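The structure appears below as structure tokens.
Right, here's the structure in full:
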């Protein structure tokens, strides 16, 4: 961990605090009755707001989780620093790709 | 052996305690590949862990190696791991830590063991140097003396943590030191913080570089074990948090 | 590897830090599956059958667990941000315990509502 990674990790953490609160509220609202695909998609399809909100969330969490994973690998496994950084980067990119694909499916498909 | 004054036995239970006045203590013997050996030591009123170790060395096994100096809680030399926690043994009453009459005493963790209860403090002090906890003067004797107000924010920050005597308890307690051998540790970083806030010091550019890289202040996860266990009641977590803020600001301004 | 358990097991602040790290790790492992599941939304029919799959009781219990992990990680993270950026304050042990309790309550409310 160095100053650059620290700023990105704490920064995305602070950014995500309100995003997570909204997400928890969304989870509670969405699960109040039996969910159907039509119920959800009617709200998300074509919505720029949802795309922007979740796009930001996916970007932030990909960075945040990747740095967190890097720290855990570095401290708790034989994989250290440089290699941990590469594994974490790969993980972050996978998350981002999967997340953006999910947003595509919910908003633009 | 000194005769300690004894309280009048008030009940049958007390009488039993007097005859049963011994404790068993396990001490680490050897180096990294050593093991615990158990001794039986007389229980005494107001006994400290250092008293116990000293008793073993003087009356049971003179080959036991351990460190102490002042034995009154000002030098920090007697720090050891007592029932899993690093503490000053001269300031630890046996009655407070001997759960069910047993004590386990080992050398400070996170440091190489020389022998028995004595560790090699060199890595600790090397990291002290690496964190650039060294005063960089900016004036000569011909200049006017710098006026430092004791109630200024910077000086208060320094005063809060200046009494570190390098005992190594925080370093030994820190999980992150255990998990990351590059981590400079709470003591070294706290000393750097006192200099970052010292208005007379001119070395902050280099110092912030020294503590902003891998193993620097950002490695700290704010577990606060250092703060919980520091015998001087200092707060390295807060000092390190200050360093995190300073380096982050410097980084965002492009100074790092 | 010595995980530093000896002598520190009881410390509320240490437990808080461990829960924070482990919840983060659990969420990091969960997220790819979460995103893959949501990607099923590309076809409404597949998404619908997935949603019906989530009606199973064990899934609802797991979701409740995830809500707990997310809430506890959020509150733990806020605690770290406060420690590192605001003036030091005492009473953190109580705060840490309250944070865990609040997370459990939130997760429990979720569980009750989905059943």
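Chains as they are written, first to last, in the numbering used here: chain S, 33 to 141; chain W, 169 to 424; chain U, -12 to 102.
Where a beta carbon is used, it is the ideal one built from N, C-alpha and C, also for glycine.
Being a predicted model, the structure only gives us computed values, none of them experimental.
Item	Value
Relative to the C-alpha of residue 195 of chain W, which residue among W:366, W:207, W:189 is closest?	W:207
Identify, in the order they occur along the chain, each residue of the same chain with its Cβ nearer than 7 Å to the Cβ of residue 119 of chain S, setting aside the five sequence neighbours on each side.	105, 111
Using only the alpha-carbon positions, how far apart do residue 349 of chain W and residue 8 of chain U sit?	20 Å
Between W:367, W:347, W:326, W:370, which lies nearest to residue 357 of chain W when the distance is taken from Cα to Cα?	W:326
Is there at least one Cβ from chain W nearer than 8 Å to residue 16 of chain S's Cβ?	With chain S covering 33 to 141 only, the question about residue 16 of chain S has no answer from this structure.
Which same chain residues end up closer than 8 Å to residue 113 of chain S when comparing Cβ atoms and leaving out the 5 residues on each side of it in sequence?	106
Take every Cβ of the stretch 66 to 81 of chain S, pair it with every Cβ of the stretch 298 to 312 of chain W, and state whether three or more of those distances are shorter than 8 Å.	no
Examine chain S for any beta-carbon lying closer than 8 Å to the beta-carbon of residue 419 of chain W, and answer yes or no.	yes
Helix, strand or coil for residue 194 of chain W per DSSP?	strand
For chain S, find out if any of its Cβ atoms is closer than 8 Å to the Cβ of residue 348 of chain W; answer yes or no.	yes
Is residue 35 of chain S close to chain W? Criterion is C-beta to C-beta, closer than 8 Å.	yes
Given residue 141 of chain S, which residues of its chain have a CB within under 8 Å of its CB, disregarding the five upstream and five downstream residues?	77
Under DSSP, the beta strand (DSSP E) around residue 272 of chain W begins and ends at which residues?	270 to 274
How would you call residue 48 of chain S, buried or exposed, if buried means at least 16 neighbouring beta carbons within 10 angstroms?	buried
Taking 8 Å as the cut-off, decide whether the C-beta atoms of residue 48 of chain U and residue 98 of chain U are in contact.	yes
As a quick exercise: from S:35, S:139, S:41, pick the residue whose alpha carbon is nearest that of residue 124 of chain S.	S:41
Can you tell me which of the three DSSP states residue 203 of chain W falls into?	strand
So the alpha helix (DSSP H) residue 59 of chain U belongs to, where does it begin and stop?	44 to 72
If you draw a straight line from the alpha carbon of residue 175 of chain W to that of residue 209 of chain W, how long is it in whole angstroms?	Bear in mind that the predicted position of residue 175 of chain W carries a pLDDT of just 47, short of 50, making it too unreliable to give a figure here.
Which residue from W:216, W:368, W:229 puts its Cα closest to that of residue 265 of chain W?	W:216
Alpha carbon to alpha carbon, what distance is there between residue 373 of chain W and residue -10 of chain U?	At residue -10 of chain U, the pLDDT of 45 sits below 50, so the modelled position is not reliable and the matter cannot be decided from this model.
Touching or not, the stretch 44 to 63 of chain S and the stretch 405 to 413 of chain W, by the rule of three or more beta carbon pairs under 8 Å?	no
Would you say residue 88 of chain U lies against chain S (beta-carbon separation less than 8 Å)?	no
What whole-angstrom Cβ distance do residue 35 of chain S and residue 416 of chain W have, given they're in contact under 8 Å?	6 Å
For a test of the three-state rule: what should DSSP assign to residue 253 of chain W, helix, strand or coil?	strand
Is there a C-beta anywhere in chain B that falls below 8 Å from the one on residue 416 of chain W?	The structure shown contains no chain B; its protein chains are S, W and U.
Name the residues in the stretch 48 to 70 of chain U whose C-beta lies less than 7 Å from a C-beta of chain W; which are they?	67, 70
If I follow the unbroken alpha helix (DSSP H) through residue 412 of chain W, where does it start and stop?	404 to 420
Interface residues of chain U around residue 396 of chain W at Cβ under 8 Å?	-2, 0
Within 10 Å of its beta-carbon, does residue 186 of chain W have 16 or more other beta-carbons around it, so buried, or fewer, so exposed?	With a pLDDT of only 40 at residue 186 of chain W, under the threshold of 50, the placement of this residue in the model should not be trusted; the figure read from the coordinates follows. It counts as exposed.
If we define contact as Cβ-Cβ less than 8 Å, is residue 387 of chain W a contact residue for chain U?	no
Tell me the DSSP bridge mates of residue 291 of chain W?	Looking at the DSSP assignment, residue 291 of chain W forms no beta bridge with any residue, so it has no partner.
Give the DSSP-derived three-state secondary structure of residue 7 of chain U in the structure shown.	helix
Keeping to the same chain, check which residues put their C-beta closer than 8 Å to that of residue 288 of chain W; ignore five residues upstream and five downstream.	279, 280, 281, 282
Run through DSSP, which three-state label would residue 283 of chain W get?	strand
With a CB to CB cut of under 6 Å and the five nearest residues on each side skipped, what residues in its chain are close to residue 251 of chain W?	265, 272
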